Amino acid sequence: MGGYNGGEMLDRKLIRENAEMVRAGALRKGVDAPVDEFLKVDEEWRASVAELESYKSELNSISKSIGQLIGQGKKEEAEAAKQKTSDIKEAIKELEPKERELEAKLQDIELKFPNLPHDSVPDGKDADDNVTIREWGTRPEGEFLPHYEIAEQLGLIDFERAVKVSGSGFAVYTGAGAKLQRAIINFLADFQSEKRGYTEVWPPALVLSSSLVGTGNLPKFADDLYGTVDDLWLIPTAEVPVTNLYRDEILDAEQLPLKVCAYTPCFRREAGAAGRDTRGILRMHQFDKVELVKYVLPENSYDELEALTNDAEQVLQALGLHYRVILLCAGDMGDKGCKCYDIEVWSPGEQRYLEVSSCTNFEAYQSRRANIRFRREKGAKPEFVHILNGSGTAVPRLLVAILETYRQPDGSIMIPEALRPYFGADSIPAN
RNA sequence: GGACAGAUGGCUGAGUGGUCGAAAGCGCCCGCCUGCUAAGUGGGUAAGGGGCGAUAGCCCCUUCAUGGGUUCGAAUCCCAUUCUGUCCGCCA
Numbered sequence: 000m001g002g003y004n005g006g007e008m009l010d011r012k013l014i015r016e017n018a019e020m021v022r023a024g025a026l027r028k029g030v031d032a033p034v035d036e037f038l039k040v041d042e043e044w045r046a047s048v049a050e051l052e053s054y055k056s057e058l059n060s061i062s063k064s065i066g067q068l069i070g071q072g073k074k075e076e077a078e079a080a081k082q083k084t085s086d087i088k089e090a091i092k093e094l095e096p097k098e099r100e101l102e103a104k105l106q107d108i109e110l111k112f113p114n115l116p117h118d119s120v121p122d123g124k125d126a127d128d129n130v131t132i133r134e135w136g137t138r139p140e141g142e143f144l145p146h147y148e149i150a151e152q153l154g155l156i157d158f159e160r161a162v163k164v165s166g167s168g169f170a171v172y173t174g175a176g177a178k179l180q181r182a183i184i185n186f187l188a189d190f191q192s193e194k195r196g197y198t199e200v201w202p203p204a205l206v207l208s209s210s211l212v213g214t215g216n217l218p219k220f221a222d223d224l225y226g227t228v229d230d231l232w233l234i235p236t237a238e239v240p241v242t243n244l245y246r247d248e249i250l251d252a253e254q255l256p257l258k259v260c261a262y263t264p265c266f267r268r269e270a271g272a273a274g275r276d277t278r279g280i281l282r283m284h285q286f287d288k289v290e291l292v293k294y295v296l297p298e299n300s301y302d303e304l305e306a307l308t309n310d311a312e313q314v315l316q317a318l319g320l321h322y323r324v325i326l327l328c329a330g331d332m333g334d335k336g337c338k339c340y341d342i343e344v345w346s347p348g349e350q351r352y353l354e355v356s357s358c359t360n361f362e363a364y365q366s367r368r369a370n371i372r373f374r375r376e377k378g379a380k381p382e383f384v385h386i387l388n389g390s391g392t393a394v395p396r397l398l399v400a401i402l403e404t405y406r407q408p409d410g411s412i413m414i415p416e417a418l419r420p421y422f423g424a425d426s427i428p429a430n
């Protein structure tokens with residue numbers, strides 16, 4: 000049993016008992032959470048539940064006594080007891096829809112509550128208030144081409160035929176481009192599983208809507224997703240199937256932290272406007288990614304976030320790509336997260352940083368929705384695990400950075416050392 | 001896609017209208033016993049929500065795949081759905 004029991008982001012008790020703290024936290028995210036409305040409806044709901052349950056209790060005890068009377072052969076007394084139930088049944092019939100209505104109303108209100116930002120998250124409204132935590136490597140100097148020109152010159156990506164086949168927002172990788180794509184994927188999956196201690200899984204790319212509810216993509220963000228005529232949806236990220244692996248389960252504390260990595264293609268409608276992000280392969284309806292997901296003890300989740308971020312950063316270091324790590328401010332983080340680092344790789348061709356990973360601690364937000372818990376010891380009450388995830392990393396923007404960073408004066412591409420065993424050559428020759 | 005069978009607690013598995021939240025076994029926990037172990041023995045062992053008291057504890061409601069229905073009362077009867085197994089067909 001269990002599963003999705005509402006739309007709540009937060010524990011009802013937390014809001015009840017720490018109303019002002021919740022209000023202040025939401026405000027930091029720029030959300031004026033309906034705390035007062037919640038408290039009012041919550042009280043009405045609880046009163047309604049109590050009333051309904053007292054009637055049910057009465058009915059149950061009468062039913063029980065009828066059973067006993069029949070057992071003792073006292074038929075008339077049993078008949079008399081039956082008469083008493085009709086009023087109670089009537090009252091229950093009347094109260095039940097009222098209770099359900101209040102519950103639904105409460106859930107609507109709860110949907111308006113964001114997950115609360117951690118104390119270490121800076122105040123701020125939007126991306127301008129994000130804080131650069133650290134940089135690695137140095138920005139390459141010189142003249143650089145954008146990746147789509149390089150790709151065209153070397154015949155790595157066929158944009159025109161991609162449009163013919165699938166419309167805009169897709170790429171056809173060809174020849175060395177296709178091979179490089181596969182090399183990057185294999186490198187990333189091996190790196191995270193063999194060097195960083197993640198268990199690799201290969202999940203389905205189509206999932207039931209119930210899985211998308213568990214991660215918070217539905218019902219709110221259906222427009223971002225590709226659906227099918229069945230109740231199956233194309234995943235926007237491996238986060239969805241992987242986070243749902245342990246849905247409705249109670250884990251042992253010794254199993255934690257549970258670290259899972261998964262390569263999948265990702266599908267996003269991204270009903271976004273055309274702009275500089277849409278040029279080349281920077282923003283696509285289908286792209287590839289290795290995702291990292293961790294299920295951890297609540298008291299460790301912020302240390303685990305640092306470690307997760309580092310696992311993603313190590314990819315870029317292994318490839319020798321310049322990057323920076325950004326700590327998102329409260330207002331730029333979105334509703335679901337408590338703390339989030341973006342890792343941005345330097346694109347010499349674009350002369351700007353590109354997001355290749357977003358490492359987030361959701362605390363219990365997803366575990367509450369997906370009902371994933373753990374027990375500290377035998378007999379202890381189950382608690383929600385904390386769930387974190389981050390890309391480790393996205394492939395297309397990595398490819399962009401590699402092509403642009405490692406293009407040689409003669410027009411060839413030098414393949415980074417770490418990728419050579421996968422690519423099977425040192426370079427992509429110039430045409 | 002067609003036919004049949006099934007879905008019960010951590011697991012195995014009984015239960016076809018009335019103290020059944022559910023026998024029994026296994027596992028696990030606490031105690032006793034034995035020089036240790038094994039064996040034996042007594043007891044305890046589902047989850048969610050609400051209320052009282054608020055470190056304990058007590059009371060109530062809900063849950064035997066899911067959603068509806070019949071009934072004073074359902075694990076047990078009826079309907080729908082989902083999933084699993086077996087056989088057949090089809091397919092990379």
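Under numbering that gives the first Met the number 0, the first residue of the first sequence is numbered 0, with each subsequent residue one higher. Idealized CB from N, CA, C, for every residue including glycine. Bear in mind that the values here come from a model prediction, so they are computed numbers and not experimental data.
Thinking C-alpha only, which one of the options is nearest residue i?
i, options, result
"glutamate 98", "Val48, Pro235, Leu153 and Ile69", "Val48"
"alanine 329", "Ile14, Ala23, Asp10 and Leu9", "Ala23"
"arginine 372", "Gln67, Leu296 and Glu19", "Leu296"
"lysine 258", "Leu304, Gly123, Val228 and Lys219", "Leu304"
"arginine 367", "Glu354, Thr359, Ala424 and Val384", "Val384"
"glutamate 42", "Glu16, Glu199 and Phe169", "Glu16"
"glutamine 350", "Gly215, Tyr405, Ile249 and Pro139", "Pro139"
"lysine 28", "Asn114, Ala79, Ala103 and Asp10", "Asn114"
"glutamate 348", "Glu142, Asn243 and Leu68", "It should be noted that the sequence gives glycine, not glutamate, for residue 348. The candidate whose alpha carbon is nearest that of glycine 348 is Glu142."
"alanine 400", "Tyr322, Ala126 and Glu95", "Tyr322"
"glutamate 382", "Asp251, Asp230 and Glu75", "Asp251"
"arginine 11", "Lys83, Glu102 and Ile69", "Glu102"
"leucine 211", "Arg246, Arg181, Phe186 and Gln180", "Arg246"
"methionine 20", "Gln82, Glu100, Pro116 and Ser60", "Pro116"
"isoleucine 325", "Thr198, Ile87, Arg133 and Glu109", "Arg133"
"glycine 333", "Thr308, Asn309, Tyr364 and Tyr352", "Tyr364"
"leucine 51", "Asp409, Tyr352 and Leu94", "Leu94"
"valine 120", "Leu327, Leu217, Thr308 and Ala18", "Leu327"
"cysteine 260", "Leu281, Lys288 and Lys83", "Lys288"
Could you name the residues that DSSP lists as bridge partners for residue i?
i, result
"proline 431", "The structure shown does not extend to residue 431, since the chain is modelled only from 0 through 430, so no value can be given for it."
"threonine 198", "Val259"
"serine 357", "Asp341"
"aspartate 251", "Arg374"
"valine 438", "The requested residue 438 is not part of the displayed model; the chain covers only 0 to 430."
"arginine 246", "None, per the DSSP bridge assignment."
"glutamate 471", "Since the first residue of the chain shown is 0 and the last is 430, residue 471 is not available in this structure."
"threonine 137", "None, per the DSSP bridge assignment."
"leucine 448", "Not covered by the structure: residue 448. The range shown for the chain is 0 to 430."
"leucine 383", "Note on identity: in this sequence residue 383 is phenylalanine, with leucine being the wrong assignment. Answer by DSSP bridge pairing, in chain order: Arg372."
"arginine 406", "Ile412"
"tryptophan 232", "Val206 and Gly226"
"alanine 393", "Lys288"
"tyrosine 172", "Ile156"
"tyrosine 352", "Trp345"
"serine 192", "Answer by DSSP bridge pairing: none, since serine 192 is not bridged."
"isoleucine 427", "Ile412"
What separation, rounded to the nearest whole angstrom, lies between the Cα atoms of residue i and residue j?
i, j, result
"lysine 92", "lysine 55", "11 Å"
"serine 64", "cysteine 265", "60 Å"
"glutamate 57", "lysine 380", "30 Å"
"leucine 144", "glutamate 403", "6 Å"
"leucine 105", "phenylalanine 37", "7 Å"
"leucine 398", "lysine 124", "32 Å"
"lysine 293", "glycine 196", "11 Å"
"serine 426", "leucine 320", "17 Å"
"aspartate 222", "arginine 267", "9 Å"
"leucine 9", "leucine 255", "23 Å"
"proline 420", "methionine 283", "28 Å"
"glutamate 298", "alanine 417", "35 Å"
"aspartate 118", "aspartate 107", "27 Å"
"lysine 338", "glutamate 362", "9 Å"
"glutamate 290", "leucine 231", "21 Å"
"glycine 213", "alanine 369", "4 Å"
"glutamate 269", "glutamate 199", "28 Å"
"serine 62", "lysine 73", "14 Å"
"histidine 146", "glutamine 180", "14 Å"
What do you reckon, is the C-beta of residue i under 7 Å from a heavy atom of the ligand PLP?
i, result
"asparagine 59", "Ligands in the displayed structure: none, and consequently the ligand PLP is not present."
Please determine if the region 204-219 and the region 234-241 are in contact, where contact requires at least 3 C-beta pairs separated by less than 8 Å.
Verdict: yes, contact present.
Touch check for the region 345-357 and the region 151-165: three-plus C-beta pairs under 8 Å?
Counting C-beta pairs with one atom in each stretch, the region 345-357 and the region 151-165 have fewer than three that are closer than 8 Å, which means they do not touch.
Does the region 303-317 come close enough to the region 174-184 that 3 or more CB-CB pairs lie under 8 Å?
Counting C-beta pairs closer than 8 Å gives fewer than three between the region 174-184 and the region 303-317, which falls short of the contact rule.
Whether or not the region 388-402 and the region 338-354 are in contact is what I'm after, with contact meaning three or more pairs of Cβ atoms, one per stretch, closer than 8 Å; do they touch?
Yes, since at least three Cβ pairs between the region 338-354 and the region 388-402 fall closer than 8 Å, the two stretches touch.
Counting Cβ pairs, one atom from each stretch, are 3 or more of them under 8 Å apart for the region 184-194 and the region 312-319?
Put simply, the region 184-194 touches the region 312-319. At least three CB pairs are less than 8 Å apart.
Let me know the beta strand (DSSP E) ranges lying completely inside the region 54-124, each 3 residues or longer, listed in chain order.
Listed in chain order, there is nothing to give.
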